[in-house]
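See structure below.
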Amino acid sequence: MKAISIGLLGLGTVGSGVVKIIENHQDKLIHQVGCPVVVKKILVQDLHKSRPVEVDVKTLTSNPDDILFDKDIDVVIEVMGGVHDTKDFLITALRQGKHVVTANKDLMALHGSELLTVATEHGCDLFYEASVAGGIPVLRGLVDGLASDRITQMMGIVNGTTNYILTKMSDEGRSYEEVLKEAQALGFAEADPTADVEGLDAARKMTILATLGFSMHIDLEDVKVSGISNITEEDLSYGKQLGYTMKLIGYAGREGEKVEVSVAPTFLSNNHPLASVQNEYNAVYVYGEAVGETMFYGPGAGSMPTATAVVSDLVGVIKNLRLGVNGRSAVTPQYPKRLKDNEEKFSKYFLRIHVQDEVGVFADITAIFAKYGVSFEKILQLPIQKNETSEIVLVTHKASETNYDKILLELYDLSAVKEVKSAYRVVRKS
1 MKAISIGLLG LGTVGSGVVK IIENHQDKLI HQVGCPVVVK KILVQDLHKS
51 RPVEVDVKTL TSNPDDILFD KDIDVVIEVM GGVHDTKDFL ITALRQGKHV
101 VTANKDLMAL HGSELLTVAT EHGCDLFYEA SVAGGIPVLR GLVDGLASDR
151 ITQMMGIVNG TTNYILTKMS DEGRSYEEVL KEAQALGFAE ADPTADVEGL
201 DAARKMTILA TLGFSMHIDL EDVKVSGISN ITEEDLSYGK QLGYTMKLIG
251 YAGREGEKVE VSVAPTFLSN NHPLASVQNE YNAVYVYGEA VGETMFYGPG
301 AGSMPTATAV VSDLVGVIKN LRLGVNGRSA VTPQYPKRLK DNEEKFSKYF
351 LRIHVQDEVG VFADITAIFA KYGVSFEKIL QLPIQKNETS EIVLVTHKAS
401 ETNYDKILLE LYDLSAVKEV KSAYRVVRKS
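In terms of UniProt numbering, the sequence shown has 396 at position 396, counting the first letter as 1, and numbering is strictly consecutive.
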C-alpha cells in the first residue's frame, strides 16, 4: 500500500504527542498496517509559535481548506478542541471522503450522533476513543471486548482534575481552594476550572459512555450533574470515620428498559475498587450480565496517553482501509431512550445536619425519615463547641430520589434544624 497521509487539526499538547508517536513508532506502525504513515499537513493558528515538537514548517498551515480539500489526505485527526467550527470542519472532511479521528469529548457528547450519521452516509470511519478517559481503551473495550454482553452499570472517575483535588484534600487535610490553586500551578486544572470542578467535563464523558454501553442515544441534558466545589475538609473527615472515600463519580445504570445517568460527589466504601484510584488517574468500573465486574484504569489525560489512544484509532482506520470495511463500524442505537423517573432511582445518602442542641430534636428528625420509609445505617451525633448547636451525621439505607428530596424539604422546614451542611450519595461495595 502507498503511504497513508494524515491531516492534523491542532498542534497543542495532544497534537504534539500524536506527531511524536507517528515519527518515533514508524516501524511499529508499518508492521501493524503494512505501509508508512505520514503527517502531510498541520492546521495551527500561529505559524511561527515555538512548539514542543519539531516539524517541517512546510507542513504547517493556518487555512483549514489546505487539509479538508486535499485529495491526497486520507485521514483527518482532530485535536484542536472547540465545538461549532470544529464540527463544520469534520463534517466537511467526512463529505470529502476523509476518515476522522477525534479526541473531542465536547463535540461527541453534543453532536456525536449527527457526525456518525454523516460518516456512515459517506462510507467513512469516525473514531473517538480518546474523548473519554485519555489513554484508557474503555470505548474500544465496550464496543469490541464486551460486544456480546449486556452492560447494566458503569461507574467512573473520568476527570483527573477533580480526582487530584479530592485525593490531596483527603490525604493531606487541605482545603478545596488551596488544592485547586496547586492543581492549576501543576497544569492539572485550567485557569477557569468550572467545567472540571462542577462536573460538566465528566457529564460529557458519561453521555458518550452511556450511549455506547446501553446502545441508547443519551443527550447531555439527560445527565444530572453536581460538582465538588462545596466539599469541605470536615465532610471528608466524617467520611473517613465512617469508612468512606470521596470521589466525583459518573454513574450510568440500566434496569430493564430504563436508564439513569448522573455525575455527583459520592462517598465510596473503602473496599470499593474505585476508592483506591488516586491523584489524576481515571478508572471506569463496568458491570455486565455475563462478564460480571471489570475495571479499566490508567492515565485519563496528558499528551502521550491521549495521543496513544488517538494513534490507536488511526491504526483501526487504516486496517479498515485495507479490509475495505470503512464506514461500517458505527452502530445505530438499538433501543429508544427511556429514562428513569425520580421515584425509580435509589441510593444511600450521607447527610450532615446542624440542629439546636435541645431535647426531642433527633426524634423529630427520625420521624421525618420514618414518614417516607427511610431508615438509618449509621449515625454520629457531636456537639459543636461554643454554641448551642449539635451536628448530626447520618447515612441512610436506600431511598428513592423522590423521597430523599421530600425529606430534605421537610428538614429545612423543621425549626430546630439550622442547616443541612452537606448531602452526598453513598455507594458500598456489594
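Using N, Cα and C, we set each Cβ at its ideal position, and we do this for glycine too.
These figures come from a predicted structure and were not determined experimentally.
Taking one beta carbon from each stretch, the stretch 101-121 and the stretch 196-213 have 3 or more pairs nearer than 8 angstroms; the two touch. Beta bridge pairing from DSSP links residue 157 with 283.
Under the three-state reduction of DSSP output, residue 117 falls in the helix class. The DSSP-derived three-state label of residue 246 is strand.
Collapsing the DSSP output to three states places residue 30 in a helix.
In the pairwise beta carbon analysis, the stretch 165-176 is classified as touching the stretch 226-235: at least three pairs are separated by under 8 angstroms. Within the UniProt domain "ACT" (350-425), complete beta strand (DSSP E) segments of at least 3 residues are found at 376-384 and 389-396, given in chain order.
Distance between residue 405 and residue 194, taken at the CA atoms: about 26 angstroms.
By the neighbour-count criterion, in which a residue is buried when 16 or more other Cβ atoms sit within 10 angstroms of its Cβ, residue 137 is buried. Taking each of 280, 307 and 291 in turn and checking the Cα distance to residue 297, the smallest one comes out for 280. In this structure the stretch 180-191 does not lie against the stretch 212-226, because fewer than three pairs of beta carbons, one per stretch, are closer than 8 angstroms. Judged by DSSP secondary structure, residue 214 falls within the alpha helix (DSSP H) whose first and last residues are 200-214. When the five nearest sequence neighbours on each side are left out, the beta carbons in the same chain lying within less than 7 angstroms of the beta carbon of residue 51 are those of 11 and 16, in order along the chain. When beta bridges are read from the DSSP output, residue 6 appears opposite 39 and 75.
Exclusion of the five residues before and after residue 73 leaves 5, 6, 7, 40, 41, 67 and 98 as the residues of its chain whose Cβ lies within less than 8 angstroms of its Cβ.
Going by beta carbons, residue 257 and residue 152 fall outside the 8 angstroms limit. The beta carbons of residue 267 and residue 350 sit closer together than 8 angstroms. Rounded to whole angstroms, residue 216 and residue 259 show a C-alpha spacing of 9 angstroms. Judged by beta-carbon spacing, residue 127 lies beyond the 8 angstroms limit of residue 164, meaning their Cβ atoms are not closer than that value. DSSP places residue 227 in the coil class of the three-state scheme, outside both helix and strand.
Within the same chain, Cβ atoms closer than 7 angstroms to the Cβ of residue 407 are found at 368, 369, 372 and 374, the five residues on either side in sequence being excluded. Rounded to the nearest whole angstrom, the CA to CA distance from residue 319 to residue 71 is 20 angstroms. Look at residue 188 here: in three-state DSSP terms it is coil, with no helix or strand label. For residue 94, there is no enclosing beta strand (DSSP E); the enclosing alpha helix (DSSP H) has its first and last residue at 84-95.
Assignment of residue 138 by DSSP, reduced to helix, strand and coil, places it in the helix class. Rounded to the nearest whole angstrom, the C-alpha separation of residue 354 and residue 417 is 6 angstroms. Excluding five sequence positions before and after residue 162, the CB atoms of its chain that fall closer than 7 angstroms to its own CB belong to 196, 197, 228 and 248, given in chain order.
Rounded to the nearest angstrom, the gap between the Cα atoms of residue 244 and residue 276 is 11 angstroms.
Leaving aside the five residues that flank residue 13 on each side, the residues in its chain whose CB is nearer than 7 angstroms to its CB run, in chain order, 303. With distances taken between CA atoms, residue 237 lies nearest to 422 out of 422, 327 and 31. Per the DSSP secondary-structure output, residue 126 pairs in a beta bridge with 100. Taken in chain order, the whole beta strand (DSSP E) runs of length 3 or more contained in the stretch 291-358 are 292-299 and 346-356. The C-alpha of residue 124 is placed about 10 angstroms away from the C-alpha of residue 321.
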